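Add 3 to the 1-based position in the sequence shown for my numbering, that's all there is to it. Heads up, the thing below is written out as structure tokens.
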Amino acid sequence: MEQGITLNPARPAQSYLLQSLLIGAVLLFPFLAYFETAASIVNIWDSSGTFAHGYVILPISLWLIWGRRDALRAMPVQPWWPALVLLAGCGAAWLLGEMGEVQIVRHYAFVAMLPLSALAILGMPIARSLAFPLAFMLFAVPFGDVFIEPLIGMTANFTVDALIATGIPVFREGNNFSIPTGNWSVVEACSGVRYLISSVTLGCLYAYLTYRTTWRRALFIAASIIVPIFANGARAYLIVMIGHLSGMTLAVGFDHLIYGWVFFGFVMFLLFWIGAIWREDTAPAADAAAAPAVPDAPPAPLNKLLPAALAIVACVGIWPAYHYYLEKTEPAAAPVVLTEVATRAPRGPAFVDWTPAFPTASAELQQFHAQDGVGVGVKLLYYRKPPKGTKLITTTNRLSPVEDPVWRTITTVVRDEAIGERGLRLRESSMSGPGGKMLVWHWYWIDGSTTSNDYVGKLLQIRQKLLHASDDGAAVMIFAPYDENPEPARVAMRAFLKGDLAAIEAALAANTRPR
4 MEQGITLNPA RPAQSYLLQS LLIGAVLLFP FLAYFETAAS IVNIWDSSGT FAHGYVILPI
64 SLWLIWGRRD ALRAMPVQPW WPALVLLAGC GAAWLLGEMG EVQIVRHYAF VAMLPLSALA
124 ILGMPIARSL AFPLAFMLFA VPFGDVFIEP LIGMTANFTV DALIATGIPV FREGNNFSIP
184 TGNWSVVEAC SGVRYLISSV TLGCLYAYLT YRTTWRRALF IAASIIVPIF ANGARAYLIV
244 MIGHLSGMTL AVGFDHLIYG WVFFGFVMFL LFWIGAIWRE DTAPAADAAA APAVPDAPPA
304 PLNKLLPAAL AIVACVGIWP AYHYYLEKTE PAAAPVVLTE VATRAPRGPA FVDWTPAFPT
364 ASAELQQFHA QDGVGVGVKL LYYRKPPKGT KLITTTNRLS PVEDPVWRTI TTVVRDEAIG
424 ERGLRLRESS MSGPGGKMLV WHWYWIDGST TSNDYVGKLL QIRQKLLHAS DDGAAVMIFA
484 PYDENPEPAR VAMRAFLKGD LAAIEAALAA NTRPR
């Protein structure tokens, strides 16, 4: 007599449910482990209109993934262990970014963990199928501030050159210029960084959805980068011309922002309209060609999926845990005291009322001296364990606010100065304010080293944090007034530093912790 075997139809459903729960837990874990980093990204989306598009990036990625759900069902889940190396690299980068307070590194490291976690738990075939939706998540990172200053300069150059070509006389001073009917300034809102970020984001999405060949996608993405840069220059020129031809009654207030967005919308419409001429989305994609129905792939065995999930969680979670340990074991910060620098140059009267656009320092010092008949000022800003969001090195720290009605930074260049037998690389900024012009030499002092480069400064901060558990650093500024020729100011500051640079650095070093 034959005995029939009864299969339990609930077992496959339970296996699929368990697989889905494990995968979901792995993909959500980075949000839990790096909650503060994720919250800081959302805070930037909320506070800056430039990056408000970040709110829609993850929903778009999920929508693109959902659109491939039928193909994904047929692909087996095969955890890919080599992805753990990439996850560990992102974790280490996040830790270094946290220690050096490099926000962009923290943000990119965290967001990159999301597609890498998917690669690790789902496997290479599925991740390859979802390459664009996963990579598109990187647009959620609020990145682009670094382009503001170069774009301001490019816009100013384009506008001034176009005005001169039109036959309008222009007097230019930095990013500010005057024409017969009025004065204009190219400020952050005129940089076009919002246009550029929006165009690149939309361009990448449009290229993915509309084209199938790689070269067409690359060409359209390149156009989405180049077109808004030149379009923004044309927009600025047209706004100035509207103001000029209307006797400064139009395009001189909020209305010029409206004109700008209308013009940008028109340019984007033209870009996508022209791009649609060569669209390929009307033909079936190569991987979506007619094929017989494929059954759903079986769930991954638990003895393969669970170890991979635990390894991913450990690889992602160890870095914030280690950072928490470092923070708890770091000694309490002693107060910073900057005493008067005993200089060789005699003290002199205050010749300027100027405050750089830096956050409140742990301690600061300002002195005025007379060097060979020229006034020379010293300003030191010392930072030690400052409040959250207060940094020595950041793109928002400037000698003058972007739209300061009192002080304007005209030019900034990097110079190599010989101070006695010592070489010193610094930034030289020419500023214009009440009473005339001023030359400023400025650099960073970190752990006994000097640099004028923001990136080198961050590396010095990270090294100091790793070796000495310290985040101490200072901004050093030497300044002097000048008329039309800045050379006498340079000579005076050079002579001042030759005699007193060692005293300035000794005053800073007096606050370092014993090693």
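Glycine included, every Cβ here is placed at the ideal spot set by N, Cα and C. Being a predicted model, the structure only gives us computed values, none of them experimental.
- Per DSSP, the unbroken beta strand (DSSP E) holding residue 181 starts and ends at 179-182.
- For residue 161, the CB contacts under 6 Å within the same chain, skipping 5 residues up- and downstream, are 236 in chain order.
- Of the other Cβ atoms in all chains shown, fewer than 16 fall within 10 Å of the Cβ of residue 423; this residue is therefore exposed.
- Looking at the backbone, the Cα of residue 395 and that of residue 300 are separated by about 54 Å.
- Just so you know, the alpha carbons of residue 491 and residue 451 end up roughly 29 Å apart.
- In its chain, beyond the 5 residues on either side, 495, 498 have a beta carbon closer than 7 Å to the beta carbon of residue 375.
- Taking a C-beta distance under 8 Å as the contact criterion, residue 489 and residue 433 qualify as a contact pair.
- In the structure shown, residue 399 falls within a coil segment according to DSSP collapsed to helix, strand and coil.
- Assignment of beta-bridge partners to residue 379 by DSSP yields 372.
- Taking C-beta separations shorter than 6 Å and ignoring five residues to either side along the sequence, the partners of residue 440 in its chain run 485, following chain order.
- For residue 503, no beta strand (DSSP E) segment is defined; the enclosing uninterrupted segment is the alpha helix (DSSP H) at 490-512.
- In its chain, beyond the 5 residues on either side, 148, 149 have a beta carbon closer than 7 Å to the beta carbon of residue 398.
- Residue range 439-449 is occupied by the beta strand (DSSP E) that includes residue 446.
- Linking residue 28 to residue 117 through their CA atoms gives a straight-line distance of about 12 Å.
- In the structure shown, the three-state DSSP call for residue 429 is strand.
- With respect to the C-alpha of residue 361, the residue from 346, 35, 384, 372 having the closest C-alpha is 384.
- Between residue 241 and residue 266, the C-beta spacing is below 8 Å.
- In this structure, 216 is the residue among 216, 465, 243, 46 with its C-alpha nearest to the C-alpha of residue 281.
- Exclusion of the five residues before and after residue 426 leaves 419 as the residues of its chain whose Cβ lies within less than 7 Å of its Cβ.
- In this structure, the straight-line span from the alpha carbon of residue 69 to that of residue 94 is close to 28 Å.
- For residue 403 and residue 410, the gap between their C-alpha atoms comes out near 6 Å.
- In this structure, residue 228 and residue 196 do not form a Cβ contact; the two beta carbons are roughly 12 Å apart against a cut-off of 8 Å.
- Bounds of the alpha helix (DSSP H) holding residue 62 are 57-69.
- Per DSSP, residue 352 lies in no alpha helix (DSSP H) segment and is marked neither H nor E.
- Counting the other CB atoms within 10 Å of its CB gives residue 80 a total of 16 or more, which places it among the buried residues.
- Pairing residue 459 with residue 102, the inter-Cα distance amounts to about 14 Å.
- For residue 280, there is no enclosing beta strand (DSSP E), since its DSSP letter is neither H nor E.
- Under the Cβ criterion (8 Å, minimum of three pairs), the stretch 108-122 does not count as touching the stretch 348-357.
- Between residue 97 and residue 86, the C-beta gap is not smaller than 8 Å, which leaves the two residues out of contact.
- Contact check for residue 213 and residue 278: beta-carbon distance about 7 Å, within the 8 Å limit, so the pair qualifies.
- Taking C-beta atoms under 8 Å as the contact rule, residue 199 and residue 231 qualify, at a distance of about 5 Å.
- In this structure, residue 71 and residue 133 form a Cβ contact; the two beta carbons are roughly 7 Å apart against a cut-off of 8 Å.
- For residue 328, the enclosing alpha helix (DSSP H) stretches over residues 305-332.
- Minimum Cα-Cα distance from residue 514 among the listed residues 448, 502, 455, 466 corresponds to 448.
- For residue 187, the pairing in a beta bridge is given by DSSP as 180.
- In this chain, the alpha helix (DSSP H) harbouring residue 201 covers 196-213.
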